[in-house]
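Asks: According to the working numbering, the stretch in the sequence shown is residues 977 to 1205, in order.
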Amino acid sequence: MKTDAGGCDKSEPRVDAASFIAANMVIAPAPSVPEINLYTAHPGSGLWRLVGRGEAGEEPPYWAYRWAGGMVLARYILDHPETVSGKRVLDLGAGSGIVGIAAMKAGATSVVAADIDENAVIAIGLNAALNHVPVEAMLGDLTIGPPPAVDLIAVGDLFYEPSLALRVTAFLRQCLAARIQILVGDPGRAFLPHAHLLPVAEYPVSDFGEGDAIERKPSVVFSFIEAEE
Ligand SMILES: C[S@@+](CC[C@H](N)C(=O)[O-])C[C@H]1O[C@@H](n2cnc3c(N)ncnc32)[C@H](O)[C@@H]1O
977 MKTDAGGCDK SEPRVDAASF IAANMVIAPA PSVPEINLYT AHPGSGLWRL
1027 VGRGEAGEEP PYWAYRWAGG MVLARYILDH PETVSGKRVL DLGAGSGIVG
1077 IAAMKAGATS VVAADIDENA VIAIGLNAAL NHVPVEAMLG DLTIGPPPAV
1127 DLIAVGDLFY EPSLALRVTA FLRQCLAARI QILVGDPGRA FLPHAHLLPV
1177 AEYPVSDFGE GDAIERKPSV VFSFIEAEE
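#1: Would you identify the three-state DSSP class for G1076, choosing helix, strand or coil?
#2: Using a Cβ-Cβ cut-off of 6 Å (strictly less than) and excluding sequence neighbours within five positions of S1008, which residues of its own chain qualify?
#3: In chain order, what residues of the same chain have a beta carbon less than 8 Å from the beta carbon of E1204, not counting five sequence neighbours either side?
#4: In chain order, what are the residue ranges of uninterrupted beta strand (DSSP E) at least 3 long that sit wholly in the segment 1083-1155?
#5: Please state whether DSSP places P1180 in a helix, a strand or coil.
#6: How is the alpha helix (DSSP H) around G1046 delimited, first residue to last?
#7: What is the DSSP secondary structure of S1199, counted as helix, strand or coil?
#8: Does DSSP put K1063 in a helix, in a strand, or in coil?
#9: Output yes or no for whether 8 Å exceeds the beta carbon distance between V1088 and V1126.
#10: Just checking V1075 against ligand 1 - is the residue's beta carbon closer than 7 Å to any of the ligand's heavy atoms?
#11: For the structure I just gave you, are there three or more beta carbon pairs, one from the segment 1011-1025 and one from the segment 1115-1125, closer than 8 Å?
#12: For S995, count neighbouring Cβ atoms within 10 angstroms of its own Cβ and tell me buried if that reaches 16, exposed if not.
#13: Would you tell me roughly how many angstroms separate the C-alpha atoms of T1119 and A1146, rounded to the nearest one?
#14: For the beta strand (DSSP E) containing A1004, name the first residue and the last one.
#15: Shortest alpha-carbon distance to A1070 belongs to which of L1049, E1011, A1004?
#16: Where does A999 land, buried or exposed, given buried means 16+ other C-beta within 10 angstroms?
#17: Check whether the Cβ atoms of A1099 and G1073 lie closer than 8 Å to each other.
#18: In this structure, does DSSP put L1015 in helix, strand or coil?
#19: Could you check where the beta strand (DSSP E) with V991 kicks off and where it finishes?
#20: What three-state label does DSSP hand L1168 in the structure shown?
#21: Exposed or buried, what is D1055 when buried is set at 16 or more other beta-carbons lying within 10 Å of its beta-carbon?
#22: Just tell me which of L1134, E1137, I1156, V1111 has its CA closest to the CA of P1122.
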């Protein structure tokens, strides 16, 4: 999944991420999750000035968009607060932070929202503040470490690349063995580990690249389980 950050003047200096986001992105409720406002990219945002044009090492600005996997998971958590109430939650591959924000709104005791993109970490902080909830934004790849000290891991739209999907699946299996509950939200990306997924809910939501007016497609919330032999 690559997004078009637009524009192409490489000579312009990069800017401070927090100031850039506040000045150039619009605050808008997430489709299907109107309880949550997010700094959102629009055609005039000129995101390339912040993130470059996708050259080697530059992360696409996934955090700037609303993904079906995150929205379906956030919707489910807000509709079923008992899922997270009183729990320590990790939002893995948090992007905008929409899932972690939903978890805090629904009564989680704490949320860590982790992402490998430093701009995402800035955006998560800004989005959490917009929604008046405390979320600890963490930079890093937790999939290369041991299971974290949380009760529940929420994974929105993280199975879009084969090597990433394999790594995330192996990590989640370790977390499951450590008795951590795991929920996955996904619109049916190519590299979903179906053998580990038990559907628990389905909602029609729009995906990145689809306007809010476009017909919404079903996306699924899964419980991540050990695969049967
Ligand atoms: C498609 S976006 C989904 C964002 C959010 N979960 C949602 O559903 O709206 C995927 C996000 O995962 C992040 N990511 C990719 N690999 C990661 C990893 N190993 N650990 C943490 N975050 C990762 C990307 O930077 C990006 O922000």
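In this text, a Cβ means the ideal position worked out from N, Cα and C, and glycines have one as well.
Replies: Let's see:
#1: The residue labelled residue 1076 in the question sits at position 100 within the sequence shown. In the structure shown, the three-state DSSP call for G1076 is helix.
#2: The residue given as residue 1008 occupies position 32 in the sequence shown. Answer for S1008: M1047, R1051, V1181, listed in chain order.
#3: Stepping through the sequence shown from its first residue, residue 1204 is reached at position 228. Correct list, in chain order: A1171.
#4: Segments of the beta strand (DSSP E) lying fully in the segment 1083-1155: 1086-1091, 1112-1115, 1128-1132.
#5: Counted from its first residue, the sequence shown places residue 1180 at position 204. In the displayed model, P1180 falls within a strand according to three-state DSSP.
#6: Residue numbering aside, residue 1046 sits at position 70 when the sequence shown is read from its first letter. Taken as a continuous stretch (DSSP letters only), the alpha helix (DSSP H) holding G1046 covers 1044-1055.
#7: Here residue 1199 refers to the residue found at position 223 of the sequence shown. Look at S1199 here: in three-state DSSP terms it is strand.
#8: To locate residue 1063, count along the sequence shown from 1; it is residue 87. Coil at K1063, not helix or strand.
#9: Here residue 1088 is taken as the residue at index 112 of the sequence shown, counted from 1. Here residue 1126 is taken as the residue at index 150 of the sequence shown, counted from 1. Closer than 8 Å, so yes.
#10: Position 99 of the sequence shown holds residue 1075. Between ligand 1 and the CB of V1075, the shortest heavy atom gap is smaller than 7 Å.
#11: The answer is no - the segment 1115-1125 does not touch the segment 1011-1025, with fewer than three Cβ pairs under 8 Å.
#12: Residue numbering aside, residue 995 sits at position 19 when the sequence shown is read from its first letter. The residue is exposed, with fewer than 16 neighbouring Cβ atoms inside 10 Å.
#13: What you label residue 1119 is simply residue 143 of the sequence shown in a count that begins at 1. What you label residue 1146 is simply residue 170 of the sequence shown in a count that begins at 1. Cα to Cα, the separation comes out at about 8 Å.
#14: As a first step, residue 1004 is located in the sequence shown; it is residue number 28 there, counting from the start. For A1004, the enclosing beta strand (DSSP E) starts and ends at 1002-1006.
#15: As a working mapping, residue 1070 is identified with position 94 in the sequence shown. The option with the nearest alpha carbon to A1070 is L1049.
#16: Translated into positions along the sequence shown, residue 999 becomes position 23. Counting the other CB atoms within 10 Å of its CB gives A999 a total below 16, which places it among the exposed residues.
#17: Locating residue 1099 in the sequence shown gives position 123, counting from the first residue. Locating residue 1073 in the sequence shown gives position 97, counting from the first residue. The answer is yes: Cβ separation under 8 Å.
#18: By 1-based counting over the sequence shown, the position of residue 1015 is 39. According to the sequence provided, residue 1015 is Tyr. The question's Leu does not apply to it. In this structure, Y1015 counts as strand in the three-state DSSP scheme.
#19: Counting from one through the sequence shown, the residue named residue 991 turns up at place 15. Here V991 belongs to no beta strand (DSSP E), and DSSP marks it neither H nor E.
#20: As a first step, residue 1168 is located in the sequence shown; it is residue number 192 there, counting from the start. In the three-state reduction of the DSSP assignment, L1168 falls in the coil class, being assigned neither a helical nor a strand state.
#21: Counting from 1 along the sequence shown, the entry for residue 1055 is found at position 79. Burial state of D1055 is exposed, judged by a 10 Å Cβ sphere holding fewer than 16 other Cβ atoms.
#22: Here residue 1122 corresponds to residue number 146 of the sequence shown, with the count starting at 1. Considering only alpha carbons, the answer is I1156.
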